[in-house]
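What follows is one structure encoded as structure tokens, with my remarks underneath.
Protein chains: 2
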Amino acid sequence: MDELNIIDISKSLSNPVRLNILNWLKEPESNFPPHETVKHFNDGVCASYIQEKTQLSQSTISTYLSMMEKCGLLISTRHGKWSYFKRNEEVLRCYREYFE
Amino acid sequence: MDELNIIDISKSLSNPVRLNILNWLKEPESNFPPHETVKHFNDGVCASYIQEKTQLSQSTISTYLSMMEKCGLLISTRHGKWSYFKRNEEVLRCYREYFE
DNA sequence: CAAACATATCGATAAATCTCGATATGTAGA
DNA sequence: TCTACATATCGAGATTTATCGATATGTTTG
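Residue numbers (the working numbering), protein chains in the order written: chain A, 2 to 101; chain B, 2 to 101.
The following block contains the structure:
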């Protein structure tokens, strides 16, 4: 992992809401209600559930999720009209290893 | 390590100059000239050497080093009129573990 | 195709950060 | 105590980030 990515990941992690999102996604079952059309959390949690939990505006959360995806922290998957987001554990591992 | 500290550490790490400083301090011998009054790097590197290497102003680097110390990333030690800075490996370990 | 809905993008404004020069503080030595 | 020097702090302007409402895009279904 190169330095540019480390900077962008660190920027994502330097905001409490974004840090919360990353933490909530560790255990979607206990932090979010079940999805209606998808019966599992294999691809993570849909954006609207995350937005609802944060109490910030839809546009803000969409921007946050997008920047977290761009730097690699999250993986997004589109199912119909919903976008699901889950943690990218491999990128997180690389980020940790950078500081070893 | 609580969330507040994670935020402040992430902020420190989200600036390329500060990230460089942290990396340089991994190997002071190969990144800095020897000190004159102190014959080792046991307490890290003095602020003026770091400032010189970054090419930023003295006040900027002093602020950077201070914020990196406040969040725990660095340990500072005063020897006479010089302040030495070294990595705080324990805090770095806690930071890494937070994301496991 | 039209309506409904989830998400993304576009300005805009307020707040925070970056970075500096100027100045203050602390320390060593004449 | 006076000077020199290393570091810290202050105040300010430029840049970036946070966050919003409005609007655009994409998807499903009647």
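Ideal placement from N, C-alpha and C gives every residue a C-beta, glycine not left out.
Which first and last residues belong to the beta strand (DSSP E) in which residue i is found?
i, result
"B/Lys-112", "It is not possible to answer for residue 112 of chain B, since the shown part of chain B is limited to 2 through 101."
Could you tell me whether the Cβ atoms of residue i and residue j are closer together than 8 Å?
i, j, result
"B/Pro-29", "A/Ile-8", "no"
"A/Glu-4", "B/Leu-20", "yes"
"A/Ser-13", "A/Cys-72", "yes"
"A/Arg-79", "B/Arg-97", "no"
"A/Ser-15", "B/Ser-15", "yes"
"B/Gly-45", "B/Leu-57", "no"
"B/Ser-11", "A/Ser-11", "yes"
So what does residue i bridge to, in DSSP terms?
i, result
"B/Arg-79", "B/Ser-84"
"A/Cys-72", "Paired residues: none, contrary to the question."
"B/Cys-47", "B/Tyr-85"
Relative to the C-alpha of residue i, which residue among the options is closest?
i, options, result
"B/Cys-47", "B/Met-69, B/Ser-15, B/Ser-77 and B/Lys-27", "B/Ser-77"
"A/Lys-54", "A/Met-69, A/Ser-60 and A/Ile-22", "A/Ile-22"
"A/Met-69", "A/Leu-93, A/Ser-49 and A/Tyr-50", "A/Leu-93"
"A/Arg-88", "A/Phe-42, A/Asn-6 and A/Met-2", "A/Phe-42"
"A/Asn-24", "A/Glu-101, A/Glu-90 and A/Met-2", "A/Glu-90"
Where do the ends of the alpha helix (DSSP H) carrying residue i lie?
i, result
"A/Asp-9", "4–14"
"B/Glu-30", "29–32"
"B/Pro-35", "From DSSP, B/Pro-35 is part of no alpha helix (DSSP H); its letter is neither H nor E."
"B/Leu-57", "From DSSP, B/Leu-57 is part of no alpha helix (DSSP H); its letter is neither H nor E."
"A/Leu-26", "It is not in any alpha helix (DSSP H) - A/Leu-26 carries neither H nor E in the DSSP assignment."
Using 8 Å as the threshold, is the region 35–52 of chain A in touch with the region 72–85 of chain A, meaning 3 or more CB pairs across them?
Segments in contact, yes.
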